[in-house]
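Peer 1:
Numbering (my numbering), first residue to last: 2 to 655.
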């Protein structure tokens, strides 16, 4: 009786059974009529069902594709809740919303079929028409995400590409999916910029922890600033709504919040430690007035149905400018000008009397403890740092460095080759001089001065110090050789013509070497360091915020390195060969003074270094005049160096 009331005849029963199974198939479940084809991975009408007309069969199997897509999307949603990707979870939430809308449409269709059992198949297709292109397209998107395990910005770019497909329904759906994913970006930005909370192990935030951070100072906040975090430089590695400008601003804001809060409350933020857990910031980070508009703005963008990248740019840039001014005032209160002066004094050798006294101390024989001058002996790994450190302190006592409050921040030490030498910048080439090339000057900077002197900047200072010190040491050795020649010259007439000739040849060779190396040292001091220091002082006087000051300081160090040709390996090789030839000439002068070599042997031994010296001098001039080293930043300085080398036609005559 029940069957007769629901089915007027066999045809009606078949139709009712067909539609009941169809409703199951539309949400991804098999029935008696519709079954899964494992070979092709799609749902079809069972091969045992022959009573469905061929025209209806095509439309019904097309509707079954919706069930296949629904099943695939539901599987993606279920698997994403256990996935570590926050962006994938957000995408799954958006897809879950889409499935809710689709399932509501299927329920409405079920109600219609219960009221109108004889509804044609084409009418069913029309009711679900909006999903027939949408669901398979979204299924292809999640399949792309799953098979390639897309995360972070890559996932966002895949969803963003779907918003430009040309299909209005799919574009509208993709925009909603992108909104969910961008909500994660905005919440991460809020945590980073307002609270200073860094990314954890599984986060895909575009602000990333540096895997092997270089220590930026004794204080954790300095390490945070110098090397704790970075942002990608390529736009493909950033979310679609985040420009490179916004990423740079966000990086600055988060670092500033961590640094200001950490410095104000002495709270270790943890970016410089081995742990990668998110560091919660102290309540004082909320007290920064620059953060209030940013916090409200980011939360407002989270709630908005959509936003443009320009809106985010303006929000972040406004907060960045305010924090940059605050950090700059912090630096100005720490006597920044005096610190720059001390860096030039000791790293760039502008305190000349101190280094002159150091070389004097290093040329002395220190009784039984040291039978020869320190730098004339090979370094002893166990005591070399202590030996040079002692001479460094003694030189300060007998020079203008005595009583200088900044002197205590600088330490001279020796590092064996490959044995813990301070960080060097890749691509910089300092001419080698000998066993003492491991000498390195380091500085201990107080907070907050470390912000302007990160490890890579200090590495540039270190390379400049090594070049300037080696040139000064070579110049001092040539000066000592000149004094020895003067002493020997008084008795040269009584010693015979051969000795006088040898001394004359040695003097000429020494003068040629001294001219070139003194010209290089004077160029470095006057045309590079002094000129660059004046440019930096003018730039700092104009600036009102930290970003401009940091850029000016980095440009200062970069220009010094460029004008000193530390990035030019051919020139470094020539200068190294010139210093080696000069050292051999000085050694010959010492030998003839100590009567370890006679005049005839000296003249014979002089030919090789003299020939090498004049050859490298010629090659040096040719290289400087060839235009190979010509760049916009060092063109004026390059002309000054050529002028010094060719002064009075000396180098041309040589």
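Here a beta-carbon is modelled for each residue, glycine too, at the ideal position from N, C-alpha and C. The structure displayed is predicted, hence computed values, not measured ones.
#1: Any heavy atom of the ligand NAP inside 7 Å of the beta-carbon of residue 79?
#2: What residue range does the beta strand (DSSP E) around residue 414 cover?
#3: Return the CA-CA distance between residue 630 and residue 146, expressed in angstroms with no decimal places.
#4: Need the endpoints of the beta strand (DSSP E) that residue 444 sits in, please.
#5: Looking only at its own chain, which residues have a Cβ that is under 6 Å from the Cβ of residue 128, when we skip the five neighbours before and after it?
#6: With a threshold of 16 other CB atoms inside 10 Å of the CB of residue 196, please say whether the residue is buried or exposed.
#7: Run through DSSP, which three-state label would residue 546 get?
#8: Based on Cα-Cα distance, which residue from 155, 486, 537 and 187 lies nearest to residue 295?
#9: Among 459, 529, 452 and 513, which residue has its Cα nearest to the Cα of residue 476?
#10: Using the C-alpha atoms, what's the distance from residue 498 back to residue 351?
#11: Alpha carbon to alpha carbon, how far is residue 459 from residue 625? Give it in angstroms, no decimals.
#12: If you check the beta carbons only, do residue 577 and residue 433 fall under 8 Å apart?
#13: Identify the residues that DSSP records as bridge partners of residue 308: which are they?
#14: Answer with buried or exposed for residue 346, where buried requires no fewer than 16 other C-beta atoms within 10 angstroms of its C-beta.
#15: Would you call the segment 514 to 522 in contact with the segment 401 to 416, where contact means no fewer than 3 C-beta pairs closer than 8 Å?
#16: If we ignore side chains and look at the alpha-carbon of each, how far apart do residue 429 and residue 474 end up?
#17: If contacts are defined as beta-carbon pairs under 8 Å, then residue 175 and residue 70 qualify, I think. What distance do you get, rounded to the angstrom?
#18: Indicate the three-state DSSP secondary structure (helix, strand or coil) for residue 348 in the structure shown.
#19: Could you work out which residue in 161, 551, 184 and 588 is closest to residue 306 when comparing CA atoms only?
#20: So for residue 231, helix, strand or coil by DSSP?
#21: Have a look at the DSSP bridge pairing and note the partners of residue 210.
#22: How long is the line joining the alpha carbons of residue 285 and residue 168, rounded to whole angstroms?
#23: Within a Cβ cutoff of 6 Å, which residues of the same chain sit near residue 412, ignoring the five residues on either side of it in sequence?
#24: Residue 618: which of 467, 462, 177 and 574 sits nearest, CA to CA?
#25: For the alpha helix (DSSP H) containing residue 576, list its first residue and its last residue.
#26: State whether the segment 606 to 622 contacts the segment 540 to 549, with contact taken as three or more CB pairs (one from each stretch) at a distance under 8 Å.
#27: Alpha carbon to alpha carbon, how far is residue 244 from residue 64? Give it in angstroms, no decimals.
#28: What's the gap between the Cα of residue 248 and the Cα of residue 326?
#29: Report, in whole angstroms, the separation of the C-beta atoms of residue 437 and residue 380, which I expect to be a contact under 8 Å.
#30: Name the residue from 570, 237, 179 and 73 whose alpha carbon lies nearest to the alpha carbon of residue 309.
#31: Our contact map puts residue 553 next to residue 544 with C-beta atoms below 8 Å; I'd like the distance itself, whole angstroms only.
#32: Output the distance between the C-alpha atoms of residue 632 and residue 644, rounded to the nearest integer angstrom.
#33: Do you know offhand how far residue 597's Cα is from residue 365's?
#34: Flag this pair as touching only if the segment 85 to 103 and the segment 148 to 157 have three or more C-beta atom pairs under 8 Å; answer yes or no.
#35: Can you tell which of 416, 638, 332 and 583 has the C-alpha that lies nearest to the C-alpha of residue 566?
#36: Considering Cα atoms alone, identify which of 67, 66 and 96 is closest to residue 78.
Peer 2: Taking the coordinates as given:
#1: Here there are no bound small molecules, and the ligand NAP is not part of this structure.
#2: What you label residue 414 is simply residue 413 of the chain shown in a count that begins at 1. Residue 414 -> beta strand (DSSP E) spans 411 to 415.
#3: In the chain shown, the residue the question calls residue 630 occupies position 629. In the chain shown, the residue the question calls residue 146 occupies position 145. When rounded, the distance between both Cα atoms is 49 Å.
#4: Locating residue 444 in the chain shown gives position 443, counting from the first residue. Start and end: 440 to 444.
#5: Taking the chain shown and counting its residues from 1, one reaches residue 128 at position 127. Shown here for residue 128: same chain residues with a beta carbon closer than 6 Å to its own, the five before and five after excluded, namely 110 in chain order.
#6: Residue 196 sits at position 195 when you count from the first residue of the chain shown. The residue in question, residue 196, is buried, as its Cβ has 16 or more Cβ neighbours within 10 Å.
#7: For the purposes of this step, residue 546 is taken as the residue at position 545 of the chain shown. In this structure, DSSP gives residue 546 a state outside helix and strand, which the three-state scheme calls coil.
#8: Within the chain shown, numbered from 1, the residue matching residue 295 stands at position 294. Check the Cα spacing between residue 295 and each of 155, 486, 537 and 187: the tightest is with 187.
#9: Against the chain shown, residue 476 aligns to sequence position 475. Nearest C-alpha to residue 476: 513.
#10: For the purposes of this step, residue 351 is taken as the residue at position 350 of the chain shown. For the purposes of this step, residue 498 is taken as the residue at position 497 of the chain shown. So the two alpha carbons sit approximately 44 Å from each other.
#11: Within the chain shown, the letter at position 624 stands for residue 625. Within the chain shown, the letter at position 458 stands for residue 459. Straight through space, the alpha carbons of residue 459 and residue 625 are spaced by roughly 28 Å.
#12: Along the chain shown, read from residue 1 onward, the residue named residue 577 stands at position 576. Along the chain shown, read from residue 1 onward, the residue named residue 433 stands at position 432. It is a contact, given that the beta carbons lie within the stated cut-off.
#13: Numbered from its first residue, the chain shown carries residue 308 at position 307. None, per the DSSP bridge assignment.
#14: Taking the chain shown and counting its residues from 1, the one referred to as residue 346 is at position 345. Buried, by the Cβ-count rule.
#15: Contact between the segment 514 to 522 and the segment 401 to 416 is absent, because fewer than three Cβ pairs lie under 8 Å.
#16: Here residue 429 corresponds to residue number 428 of the chain shown, with the count starting at 1. Here residue 474 corresponds to residue number 473 of the chain shown, with the count starting at 1. Computed Cα separation, rounded: 20 Å.
#17: Taking the first residue of the chain shown as position 1, residue 175 is located at position 174. Taking the first residue of the chain shown as position 1, residue 70 is located at position 69. In fact, because the Cβ distance is near 15 Å, the residues do not count as touching under 8 Å.
#18: As a working mapping, residue 348 is identified with position 347 in the chain shown. In this structure, residue 348 counts as coil in the three-state DSSP scheme.
#19: Indexing the chain shown from 1 puts residue 306 at position 305. When C-alpha distances from residue 306 are compared across 161, 551, 184 and 588, the shortest belongs to 184.
#20: Residue mapping note: residue 231 aligns to position 230 of the chain shown, counting from 1. Here DSSP, grouped into helix, strand and coil, assigns residue 231 to strand.
#21: Along the chain shown, one-based indexing puts residue 210 at 209. Bridge partners of residue 210: 230.
#22: Stepping through the chain shown from its first residue, residue 285 is reached at position 284. Stepping through the chain shown from its first residue, residue 168 is reached at position 167. Unreliable placement is indicated for residue 285, whose pLDDT of 45 sits below 50; the coordinate value is still reported in the next sentence. Spanning the two alpha carbons is a distance of roughly 49 Å.
#23: As a position in the chain shown, residue 412 is number 411, starting the count at 1. Cβ contact annotation for residue 412 (same chain, cutoff 6 Å, sequence separation greater than five): 443, in chain order.
#24: Counted from its first residue, the chain shown places residue 618 at position 617. With distances taken between Cα atoms, residue 618 lies closest to 574.
#25: Within the chain shown, residue 576 is the residue found at index 575, counting from 1. For residue 576, the enclosing alpha helix (DSSP H) has its first and last residue at 570 to 594.
#26: Counting Cβ pairs under 8 Å, fewer than three are found: no touch.
#27: To locate residue 64, count along the chain shown from 1; it is residue 63. To locate residue 244, count along the chain shown from 1; it is residue 243. Cα-Cα distance, rounded: 42 Å.
#28: Position 247 of the chain shown, counted from the first residue, corresponds to residue 248. Position 325 of the chain shown, counted from the first residue, corresponds to residue 326. Whole-angstrom Cα-Cα distance: 19 Å.
#29: Within the chain shown, numbered from 1, the residue matching residue 437 stands at position 436. Within the chain shown, numbered from 1, the residue matching residue 380 stands at position 379. The C-beta distance from residue 437 to residue 380 rounds to 6 Å, short enough to meet the 8 Å contact threshold.
#30: Mapped onto the chain shown, residue 309 falls at position 308. Considering only 570, 237, 179 and 73, the residue with the shortest C-alpha distance to residue 309 is 179.
#31: Here residue 553 refers to the residue found at position 552 when the chain shown is read from its first residue. Here residue 544 refers to the residue found at position 543 when the chain shown is read from its first residue. Their Cβ separation, rounded to whole angstroms, is 6 Å, which keeps residue 553 and residue 544 in contact under 8 Å.
#32: Here residue 632 is taken as the residue at index 631 of the chain shown, counted from 1. Here residue 644 is taken as the residue at index 643 of the chain shown, counted from 1. Rounded to whole angstroms, residue 632 to residue 644 spans 17 Å at the Cα level.
#33: By 1-based counting over the chain shown, the position of residue 597 is 596. By 1-based counting over the chain shown, the position of residue 365 is 364. Straight through space, the alpha carbons of residue 365 and residue 597 are spaced by roughly 21 Å.
#34: Output reads yes: the segment 148 to 157 touches the segment 85 to 103.
#35: Indexing the chain shown from 1 puts residue 566 at position 565. Of the listed residues, the one whose Cα sits closest to residue 566 is 638.
#36: As a first step, residue 78 is located in the chain shown; it is residue number 77 there, counting from the start. The option with the nearest alpha carbon to residue 78 is 96.
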